[in-house]
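Structure, as C-alpha cells:
There are 2 protein chains.
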Amino acid sequence: MATDAKKIPYKIYLEENEIPTSWYNMRADMKNKPAPLIHPGTLQPLKFEDMQPIFCDELIKQELDDETAYIPIPEPIQEFYKMYRPSPLTHAVFLEEALGTPAHIYYKFEGNNTSGSHKLNSAIAQAYYAKEQGLKGVTTETGAGQWGTALSMACSFFDIDCKVYMVKVSYEQKPFRREVMRTYGASVTPSPSMETNIGRAINAEHPGTTGSLGCAISEAVEVATSNEGYRYVLGSVLNQVLLHQSVIGLETKAACDKYGIKPDIIIGCAGGGSNLGGLIAPFMGEKLRGEADYRIIAVEPASCPSFTRGKFVYDFADTGKVCPMAKMYTLGHDYIPSPNHAGGLRYHGMSSILSQLYHDGLMEARTVEQTKVFEAAEQFARVEGILPAPESSHAIRAAIDEALKCKETGEEKTIIFGLTGTGYFDMTAYEAYNDGKMNDYIPTDEELAESFAKIPDIGL
Amino acid sequence: MATDAKKIPYKIYLEENEIPTSWYNMRADMKNKPAPLIHPGTLQPLKFEDMQPIFCDELIKQELDDETAYIPIPEPIQEFYKMYRPSPLTHAVFLEEALGTPAHIYYKFEGNNTSGSHKLNSAIAQAYYAKEQGLKGVTTETGAGQWGTALSMACSFFDIDCKVYMVKVSYEQKPFRREVMRTYGASVTPSPSMETNIGRAINAEHPGTTGSLGCAISEAVEVATSNEGYRYVLGSVLNQVLLHQSVIGLETKAACDKYGIKPDIIIGCAGGGSNLGGLIAPFMGEKLRGEADYRIIAVEPASCPSFTRGKFVYDFADTGKVCPMAKMYTLGHDYIPSPNHAGGLRYHGMSSILSQLYHDGLMEARTVEQTKVFEAAEQFARVEGILPAPESSHAIRAAIDEALKCKETGEEKTIIFGLTGTGYFDMTAYEAYNDGKMNDYIPTDEELAESFAKIPDIGL
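Residue numbers (numbering that gives the first Met the number 0), protein chains in the order written: chain A, 0 to 459; chain B, 0 to 459.
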C-alpha cells in the first residue's frame with residue numbers, strides 16, 4: 000500500500016518541531032476500559048490516596064485517567080526528547096533485498112540513546128514529575144539494566160537522587176550496565192541487600208541467593224515508602240508508561256503520513272507491553288474509532304507466552320506479592336522462564352490495556368522460539384548494520400516471517416516493526432548463539448498448570 | 000560568530016541527498032605535501048608495486064594521490080552511508096547551560112552505528128575496494144576493538160571474509176567486542192596466535208605474553224601476504240583513511256553552511272589522526288586556500304603526547320617494524336603508554352598529513368590528563384545524555400576548557416568538536432574513575448629520550 004507520493008529516504012527523520020507535544024491515551028477511545036488495579040486485601044479498586052505513598056501524584060492521575068485522549072507533554076520533557084528524538088523510521092531496503100520480498104519493511108528505531116532502548120521515553124517523564132513534586136528522589140528495580148540506565152540518565156538530568164536495586168546476579172554479571180548507571184550518579188545496590196527489612200529477611204532465609212526481580216521490586220518499594228521524599232517508579236506494564244511511550248507511535252504515524260506510507264501490519268515485541276503499547280497507540284486509536292484497520296501483532300517468547308497461553312484474570316503484578324493485583328494475561332506470578340531463555344521479555348504478566356485489547360480481538364499475538372529469534376537478529380545485523388537487542392529481535396523474526404509470506408503470495412504489504420533497542424550489553428546471549436550453545440525452551444502444559452494454580456481465585 | 004539566519008535545531012540532520020558524494024583530499028591544497036612512506040631497507044619512497052602485495056590497488060592509488068582534490072564516492076558506499084549517515088551535528092545547549100558560558104558549542108556525533116565510532120566510514124570503503132578487486136577477504140588487527148567491529152560490519156555487508164587479529168589481552172578482557180565481530184561473521188584470533196610464523200616465534204620467545212598491537216599488525220600482514228586473495232587493511236594513520244573520514248568534515252561544513260554557523264575553533268582528539276583529519280578536512284582546505292581562518296586544536300593524552308613532545312622524523316609505523324617508515328610526529332616506535340592509561344589514543348606516531356600541517360603551523364595541539372578527561376566525560380554524559388568514548392572525551396575536555404575561557408572573557412565563540420564514539424565497551428575505565436582509582440601518568444623527559452634513541456637516524 001506504500002505510495003510514491005514523496006521519495007522515501009532510507010531513514011526518515013522528522014523535524015524537531017514534529018516531535019509530538021502531547022501523549023495519546025488509548026484508553027480514551029476504548030469501549031471496554033482496562034480493569035483497574037485492585038488492593039489484594041480489600042479487592043477494591045485502588046484510589047488516588049491508596050497509591051500516594053508509593054507513586055508520584057501526577058503519575059497516579061495519569062494511571063487512573065481513562066478519559067483524556069491527549070495529555071500535553073510538559074516543556075522540559077519536550078526539551079529532553081530533543082536530545083535523542085525524533086527517532087528514525089528506517090526503510091529496511093537491504094533487508095528487503097536480502098529476503099527477496101515484494102513487501103515494504105520499515106522499523107522505528109529507539110536505540111539511539113545511551114540507555115540503548117525506548118525506556119528513556121518514560122524515565123524522563125517519571126523523573127520530571129518527581130522533581131516537580133519536590134521529591135528528593137526515586138527508587139526502582141532493574142534486571143537486565145535497560146530501565147535502570149534510562150532512569151539514571153533522567154534523574155541525572157533533573158538532578159534528583161536515583162536508587163536502583165539490581166538483581167544480584169545481573170549486578171555481578173553485567174558490571175558494564177552497573178557502571179553506566181553509576182556514571183550518571185545513581186546508587187546501584189545488589190538485591191537482596193542488607194539495607195532493607197525484606198532484603199535481610201530474604202538473605203536470612205536463602206543464604207547466598209542471587210536475587211530475583213520480585214525481590215528487587217520489594218526492596219525498592221520498601222525504600223521508597225520508608226524514606227521521606229522518595230517514591231517508587233516502574234518502567235513497563237503500567238498505564239502511565241504506555242501513555243509516555245505513545246511518543247513512539249505518534250512519531251511513526253507522523254512519518255508515515257508525511258511520506259504516504261500506510262502500514263498493513265504493525266509488529267512489536269511484548270514483555271510488559273510498554274514498547275508495543277507505545278508503537279501501536281495512534282494506529283489502535285484509529286482502529287478503535289473505526290477510521291482505519293491494521294493487523295497488529297504482539298510477539299512474545301515461546302518460553303514466556305503470556306498472551307498466547309496465559310489466563311486473563313486478576314493476578315499479582317510481581318512475584319513478591321507486594322504490588323497490587325492487575326487484570327491481565329498472566330502465566331501466574333510465580334512463573335519464571337527457564338534460565339536457558341536469554342532473550343529478555345521475561346515478565347509473567349502483561350499491560351492491562353494490551354490485555355483488554357487482545358481479549359477484545361483488536362490485536363493478534365504469536366510466540367517465537369529463541370534460536371529463531373537470534374537467527375533473525377544476526378541476519379538483520381549483517382544487512383541493516385544495527386545489532387539488535389534480543390527483545391527487539393522477536394519483532395524482527397515476525398517481520399521477516401511476514402515478509403517471506405509476501406514473497407510466496409506476491410503481496411506488496413507494508414510492514415512496520417518496533418526496533419526497541421541495541422544488543423551491546425547482551426553479547427553473552429549472542430556468544431551462546433555464535434557457539435551453537437543456545438537452546439529453545441517451551442513450558443509444558445503441566446508446568447503452566449502448576450503456575451496457574453497459584454493465582455488466587457478472587458472471583459473477579 | 001553564529002548567526003540566527005535560520006533557527007538552529009538541537010540536532011541538525013542533513014537530508015539524505017546532502018550526504019557528500021565525493022571525499023575531499025586535503026593534500027591537493029597543501030603547499031608542503033606530506034612526506035611519502037619509505038622502505039626501511041632502501042630508504043626509497045614506496046611505489047604502487049611495492050605496496051601491491053599488501054594493500055588493495057585502488058586504496059594504494061588513493062594513498063599516493065597528492066593532487067586530486069575531490070575523489071568520487073562509489074555508489075555502493077554512498078548507499079551504505081545512508082544506513083547511518085548523515086550523522087547529527089548537535090547544538091550542546093544543555094552543556095552550554097551547565098557551564099554558564101556565552102560560547103556556542105556544537106559536536107559532530109559519529110557514534111550512532113553499531114561499531115560505535117567513526118571507523119565505519121573508512122571500513123566500508125576499504126571493504127568495497129577489496130570486493131571490487133575480486134579479493135576473497137581482508138586481514139587486520141584490532142586493540143580495543145572499534146576498528147575490528149567496523150571492518151566486520153563492512154565485510155559482512157559486501158560478503159567478503161574478514162580475519163581480525165585481536166591483541167590477546169583485549170580478546171580476553173573484551174569478550175563483548177569479540178562477539179559483536181563474530182556475529183558479523185568475522186574470524187577473531189587472539190594475537191599472538193600459533194597460526195603464523197611470527198605469532199609462533201613471539202609465543203616461543205615470550206611464553207604467556209598477552210600481545211601488543213605491533214604484534215597483531217605483524218600477524219595480520221603475514222596472513223594477508225601469504226594467502227591468495229587477501230590484503231591487509233588499516234583503520235587510521237594512512238592518507239587513504241583520512242580521505243574517507245573527510246565525510247565527517249564535509250557533512251559538518253554542509254550543516255554549518257545550511258544554518259549559518261561559522262566556527263571559530265574546531266577540536267578533535269588525535270590518536271593516529273583519522274577522526275581529526277576527517278573532521279577538519281574542508282575547513283583546513285579553506286585555510287590552505289586562504290579563504291577562511293579557523294583555530295584547529297588536536298587533543299592528545301598527556302601520557303602519549305606525539306604532537307606536543309614528539310619528534311618530526313621518519314620512524315617505523317609499528318612497534319614490530321614490519322611496516323614502512325613514515326615521516327611524522329613520533330614518540331618512537333617502541334613507546335608504549337603506561338598501563339594506567341585507559342583512555343585510548345595510544346599510538347606512538349601520527350598521520351603524516353596532520354604532522355605536516357602541524358609542522359607548518361596550521362593547527363595547534365595540546366595534551367590533557369586522564370582524570371580531567373573522565374571528569375569532562377561524566378559532566379557531558381549527565382547533561383547531554385550520550386556516554387562518550389574515552390577517546391572522544393579528550394575533545395570534550397578541550398571544548399569545555401575553551402568554553403570556560405569564553406565565560407571569563409565574555410566572548411561568544413563558536414566551538415565545534417568531534418564526538419567520535421560511544422563508551423559502552425569502555426566501562427572498565429569508567430569504573431576505575433567512578434571508584435576513584437584512576438591515575439594520571441606523564442612520561443618523564445628521560446623516558447622519552449630513551450624511546451627517541453631507538454628511532455633509526457636515516458638522515459631524512
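Using N, Cα and C, we set each Cβ at its ideal position, and we do this for glycine too.
Check your understanding: B/G422 and B/A388 look like a contact to me (Cβ under 8 Å); what is the Cβ gap, rounded to whole Å?
Key -> Here residue 422 of chain B refers to the residue found at position 423 of the second sequence. Here residue 388 of chain B refers to the residue found at position 389 of the second sequence. Yes, they are in contact, since the Cβ atoms of B/G422 and B/A388 sit about 5 Å apart, within 8 Å.
Check your understanding: Going along chain B in order, which residues have a C-beta closer than 7 Å to the C-beta of A/N120?
Key -> Position 121 of the first sequence, counted from the start, is the residue given in the question as residue 120 of chain A. What A/N120 touches in chain B: nothing, since even the nearest Cβ is about 13 Å away.
Check your understanding: Quick one: does B/A246 have its CB under 8 Å from some CB of chain A?
Key -> Within the second sequence, residue 246 of chain B is the residue found at index 247, counting from 1. According to the sequence as given, residue 246 of chain B is Val; it is not Ala. With 8 Å as the cut-off, B/V246 does not count as an interface residue toward chain A.
Review point. Which of the three DSSP states, helix, strand or coil, is assigned to A/Y128?
Key: If you number the first sequence from 1, residue 128 of chain A lands on position 129. Of the three classes helix, strand and coil, the one that applies to A/Y128 here is helix, per DSSP.
Check your understanding: Taking Cβ-Cβ distances shorter than 7 Å, what residues in chain B pair up with A/V372?
Key -> Numbered from 1 along the first sequence, position 373 holds the residue referred to as residue 372 of chain A. Taking the beta carbon of A/V372 as reference, no residue of chain B falls within 7 Å; the closest one sits roughly 13 Å away.
Check your understanding: Got a sec, what are the start and stop residues for the alpha helix (DSSP H) A/I75 sits in?
Key -> For this step, residue 75 of chain A is matched to residue 76 along the first sequence. A small correction: the amino acid at residue 75 of chain A is Pro; Ile does not occupy that position in the sequence shown. Residues 74-80.
Practice item. Pull out every residue of the segment 375-389 of chain B whose Cβ sits closer than 9 Å to any Cβ of chain A, in chain order. Key: A376, E377, A380, R381, V382, E383, G384, I385, L386
**Study point:** Exposure of A/N274, with buried meaning 16 or more beta-carbon neighbours within 10 Å
**Key:** For the purposes of this step, residue 274 of chain A is taken as the residue at position 275 of the first sequence. With 16 or more Cβ atoms within 10 Å of its Cβ, A/N274 is classed as buried.
**Study point:** Residue of B/G270, B/P281, B/A398, B/A375 minimising C-alpha distance to B/I335
**Key:** Taking the first residue of the second sequence as position 1, residue 335 of chain B is located at position 336. Measuring from the Cα of B/I335, the nearest candidate turns out to be B/G270.
Practice item. Taking B/V429 as the query, report the chain A residues whose CB atoms sit under 7 Å from its CB, ordered along the chain. Key: Numbered from its first residue, the second sequence carries residue 429 of chain B at position 430. Before going further, note that residue 429 of chain B is Tyr rather than Val in the sequence given. Those within 7 Å of B/Y429 in chain A are E178, T182.
Check your understanding: How about A/K81: is its C-beta nearer than 8 Å to some C-beta of chain B?
Key -> In the first sequence, residue 81 of chain A corresponds to position 82, counting from 1. Yes, A/K81 lies at the interface with chain B (some Cβ there is under 8 Å from its Cβ).
Check your understanding: Can you list, in chain order, the residues of its chain whose CB lies under 8 Å from that of B/F175, leaving out five sequence neighbours each side?
Key -> Residue mapping note: residue 175 of chain B aligns to position 176 of the second sequence, counting from 1. Once the five neighbours on either side are set aside, the close Cβ partners of B/F175 are F424.
Check your understanding: Got a sec: does the ligand ZN put a non-hydrogen atom nearer than 7 Å to the Cβ of A/V372?
Key -> What this structure holds is no ligand at all, so the ligand ZN is not there to describe.
Check your understanding: Is the beta carbon of B/T138 sitting closer than 8 Å to the one on B/Y258?
Key -> Locating residue 138 of chain B in the second sequence gives position 139, counting from the first residue. Locating residue 258 of chain B in the second sequence gives position 259, counting from the first residue. It is not a contact, given that the beta carbons lie outside the stated cut-off.
Point to revise | Distance between A/I415 and A/K261 (C-alpha atoms, nearest Å) | key: As a position in the first sequence, residue 261 of chain A is number 262, starting the count at 1. As a position in the first sequence, residue 415 of chain A is number 416, starting the count at 1. Spanning the two alpha carbons is a distance of roughly 9 Å.
Exercise for review: State the beta-bridge partners of A/D160 as determined by DSSP.
Suggested key: Looking up residue 160 of chain A in the first sequence gives position 161. DSSP lists A/G136 as partners of A/D160.
Review point. Taking A/M426 as the reference, which of A/M29, A/Q172, A/D56, A/A27 has the closest Cα?
Key: Working through the first sequence from its first residue, we reach residue 426 of chain A at position 427. Considering only alpha carbons, the answer is A/Q172.
Practice item. Please specify which runs of the alpha helix (DSSP H), each continuous and at least 4 residues long, are wholly inside the segment 244-330 of chain A, giving them in chain order. Key: 273-287, 305-308
Point to revise | Cβ shell of B/P44 (< 6 Å), same chain only, five flanking positions each side left out | key: Here the question's residue 44 of chain B lines up with position 45 in the second sequence. Hits under 6 Å: P35, I37.
Review point. How about B/D439 and B/Q369: are their beta carbons less than 8 Å apart?
Key: Along the second sequence, one-based indexing puts residue 439 of chain B at 440. Along the second sequence, one-based indexing puts residue 369 of chain B at 370. Yes, the pair counts as a contact, with Cβ atoms nearer than the cut-off.
Point to revise | Where B/Y429 falls: helix, strand or coil (DSSP) | key: Counting from one through the second sequence, the residue named residue 429 of chain B turns up at place 430. Correct three-state label for B/Y429: helix.
Point to revise | Three-way DSSP call (helix, strand, coil) for B/I37 in this model | key: Position 38 of the second sequence holds residue 37 of chain B. Note: B/I37 maps to strand in three-state DSSP.
**Study point:** Backbone secondary structure at A/I395 - three-state DSSP
**Key:** The residue you call residue 395 of chain A lines up with position 396 of the first sequence. Helix.
Review point. Apart from the five residues on each side of it in sequence, which residues of its chain come closer than 7 Å, Cβ to Cβ, to A/P71?
Key: Here residue 71 of chain A refers to the residue found at position 72 when the first sequence is read from its first residue. If the five residues before and after A/P71 are omitted, its C-beta is found closer than 7 Å to the C-beta atoms of T20, S21, all from its own chain and listed in chain order.
**Study point:** Sequence-distant residues of the same chain with beta carbon closer than 8 Å to A/L13, five excluded per side
**Key:** The residue given as residue 13 of chain A occupies position 14 in the first sequence. Answer for A/L13: P85, E250, A253, A254, K257, listed in chain order.
**Study point:** A/A394 and A/V298 closer than 8 Å at C-beta
**Key:** Your numbering for residue 394 of chain A matches position 395 in the first sequence. Your numbering for residue 298 of chain A matches position 299 in the first sequence. Cβ distance < 8 Å, so A/A394 and A/V298 count as in contact.
**Study point:** Contacting residues, own chain, Cβ-Cβ under 6 Å from B/G164 (five flanking each side not counted)
**Key:** Looking up residue 164 of chain B in the second sequence gives position 165. In the sequence on display, residue 164 of chain B carries Tyr and not Gly. Here the set comprises E140, T188, S190, A215, E218, A219.
Check your understanding: Around the Cβ of A/L42, are there at least 16 other Cβ atoms within 10 angstroms (buried) or fewer (exposed)?
Key -> Mapped onto the first sequence, residue 42 of chain A falls at position 43. Exposed, because fewer than 16 other Cβ atoms sit within 10 Å of the Cβ of A/L42.
Check your understanding: Ends of the beta strand (DSSP E) at A/A461?
Key -> The structure shown has nothing for residue 461 of chain A, since chain A only spans 0 to 459.
Check your understanding: Helix, strand or coil: which one does DSSP assign to A/G342?
Key -> The sequence position of residue 342 of chain A within the first sequence is 343, counting from 1. Coil.
Review point. Going by other Cβ atoms of all chains shown within 10 Å of its Cβ, with 16 needed for buried, is A/E377 buried or exposed?
Key: The residue given as residue 377 of chain A occupies position 378 in the first sequence. The residue in question, A/E377, is buried, as its Cβ has 16 or more Cβ neighbours within 10 Å.
Practice item. Could you tell me which of A/F379, A/S351, A/G343 sits nearest to A/P323, measuring between CA atoms? Key: The sequence position of residue 323 of chain A within the first sequence is 324, counting from 1. Comparing Cα-Cα distances from A/P323 to each of A/F379, A/S351, A/G343, the minimum goes to A/S351.
Review point. Which first and last residues belong to the alpha helix (DSSP H) in which B/T195 is found?
Key: Here residue 195 of chain B refers to the residue found at position 196 of the second sequence. Looking at the DSSP string, B/T195 is not in any alpha helix (DSSP H), and its letter there is neither H nor E.
Point to revise | 8 Å contact criterion, which B/V246 and B/N111 should meet: CB distance rounded | key: In the second sequence, the residue the question calls residue 246 of chain B occupies position 247. In the second sequence, the residue the question calls residue 111 of chain B occupies position 112. Their Cβ separation, rounded to whole angstroms, is 14 Å, which puts B/V246 and B/N111 out of contact at 8 Å.
Check your understanding: Any C-beta of chain B sitting closer than 8 Å to the C-beta of A/M165?
Key -> Position 166 of the first sequence, counted from the start, is the residue given in the question as residue 165 of chain A. Cβ-Cβ to chain B under 8 Å: no for A/M165.
Practice item. Within its chain, find whatever has a CB closer than 6 Å to the CB of B/W146; leave out the 5 residues flanking it on each side and keep chain order. Key: By 1-based counting over the second sequence, the position of residue 146 of chain B is 147. Correct list, in chain order: K118, G234.
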